[in-house]
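Student: Dropping the structure in here first, questions after.
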Amino acid sequence: MIPIYLCDDDPAVRRAVRSELEKEILISGYDMEVVCDTGSPRKLLDAARENGKRGIYFLDVDLKDGKYTGFTLGQEIRREDTRGFLVYVTAFGELAFETFRYKLEALDYIVKDDPEEMFRGIRRCLNVITERVQNEQEEDRPYFTVKFMDTVRHIPVDDILYFETGGKSHRIILHGIKGNIDFTGSIRDLQKSLGKQFLRVHRAYLANVSHIRELDVRDKKIVFTNGEECFFSRKVKNELFRLLDLDFQT
1 MIPIYLCDDD PAVRRAVRSE LEKEILISGY DMEVVCDTGS PRKLLDAARE NGKRGIYFLD
61 VDLKDGKYTG FTLGQEIRRE DTRGFLVYVT AFGELAFETF RYKLEALDYI VKDDPEEMFR
121 GIRRCLNVIT ERVQNEQEED RPYFTVKFMD TVRHIPVDDI LYFETGGKSH RIILHGIKGN
181 IDFTGSIRDL QKSLGKQFLR VHRAYLANVS HIRELDVRDK KIVFTNGEEC FFSRKVKNEL
241 FRLLDLDFQT
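End of the sequence shown sits at 250 in this note's numbering; the numbers just go up one at a time, nothing left out.
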């Protein structure tokens, strides 16, 4: 969840901005929440420090504060939250270029004289932020690289259900969300390279624990999130239950 902070000394503007934010979050299902709504820069900074997460900040420029303007508040936020999103909502459209002078890397500068235009700007910002965060998450995903015939494929590790030894020597079948790939390798080497997310559940299978939906203890079968199944051996049963946080002992 991405926290959202508002700072404007006009309570009516804060109410309007907050209402539009909460409406758009509800309608679009954004993983965001307004956690601070204040006219005090100090209260906003305290809330952001206590939360400690990357945030979204909707700030007025002309704050009635003896220490902070919207731009100097933005500088302070940048020192604490280097990857946060700054959005200025203000009546002073001519000051937009000041964000460059202060090196704030603001996402947007919304003029609040026209309420409908302000609301459109807020919706636009939430959409842009969501797309950016999704793209960052996609780029940060670990990939498994495999040579398939004459092609090199990069498969997101989270899209892999399990590996299975094939009928031929050193043949492995990768079972993935989007299909299967047959390649040369060994279960032992895969286990070493892929780490704790994958468990050797059987001499013939290496399973992605995060994709296990249920265990059939009687038939010693694992059911994956897409309905596929593989066997597990008795000796790994307790480890499976520990990893899946299940309470079952025999």
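Where a beta carbon is used, it is the ideal one built from N, C-alpha and C, also for glycine.
For the beta strand (DSSP E) that contains Gly-70, what are its first and last residues?
Tutor: For the purposes of this step, residue 70 is taken as the residue at position 70 of the sequence shown. That residue, Gly-70, is in no beta strand (DSSP E); its alpha helix (DSSP H) goes 70-80.
Student: Rounded to a whole number of angstroms, what is the C-alpha to C-alpha distance between Ile-122 and Asp-219?
Tutor: On the sequence shown, residue 122 is found 122 positions in, with the first residue counted as 1. On the sequence shown, residue 219 is found 219 positions in, with the first residue counted as 1. Roughly 54 Å between the two C-alpha positions.
Student: Beta-carbon within less than 8 Å of Arg-153's beta-carbon, same chain only, minus the 5 sequence neighbours each way: which residues are those?
Tutor: Sequence index remark: in the sequence shown, residue 153 carries index 153 (1-based). Within the same chain, Arg-153 has close Cβ partners Thr-145, Val-146, Lys-147, Ile-181.
Student: For the putative contact between Ile-160 and Gly-176, defined by C-beta atoms under 8 Å, what is the C-beta separation to the nearest angstrom?
Tutor: Start at 1 with the first residue of the sequence shown, and residue 160 comes out as number 160. Start at 1 with the first residue of the sequence shown, and residue 176 comes out as number 176. That pair is a contact at about 5 Å.
Student: Sorted by chain position, which residues of the same chain lie with C-beta nearer than 7 Å to His-170's C-beta, five sequence neighbours on each side aside?
Tutor: Residue 170 sits at position 170 when you count from the first residue of the sequence shown. Once the five neighbours on either side are set aside, the close Cβ partners of His-170 are Thr-184, Gly-185, Ser-186.
Student: For the alpha helix (DSSP H) holding Arg-171, just list the boundary residues, first then last.
Tutor: Here residue 171 refers to the residue found at position 171 of the sequence shown. That residue, Arg-171, is in no alpha helix (DSSP H); its beta strand (DSSP E) goes 171-176.
Student: How many Å lie between Arg-14 and Thr-130 at the Cα?
Tutor: As a position in the sequence shown, residue 14 is number 14, starting the count at 1. As a position in the sequence shown, residue 130 is number 130, starting the count at 1. Near 22 Å, if we compare the C-alpha coordinates of Thr-130 and Arg-14.
Student: CA-CA distance, Leu-199 and Leu-206?
Tutor: As a first step, residue 199 is located in the sequence shown; it is residue number 199 there, counting from the start. As a first step, residue 206 is located in the sequence shown; it is residue number 206 there, counting from the start. So the two alpha carbons sit approximately 6 Å from each other.
Student: My understanding is that Lys-112 touches Val-89, with C-beta atoms under 8 Å, so please give their C-beta distance in whole angstroms.
Tutor: Walking along the sequence shown from the start, residue 112 turns up at place 112. Walking along the sequence shown from the start, residue 89 turns up at place 89. At roughly 5 Å, the Cβ-Cβ gap stays under 8 Å, so Lys-112 and Val-89 are in contact.
Student: Checking 7 Å against the spacing of the C-beta atoms, do Leu-44 and Cys-7 come in under that value?
Tutor: Position 44 of the sequence shown, counting from 1, holds the residue named residue 44. Position 7 of the sequence shown, counting from 1, holds the residue named residue 7. Against a cut-off of 7 Å, the Cβ pair of Cys-7 and Leu-44 comes out as a contact.
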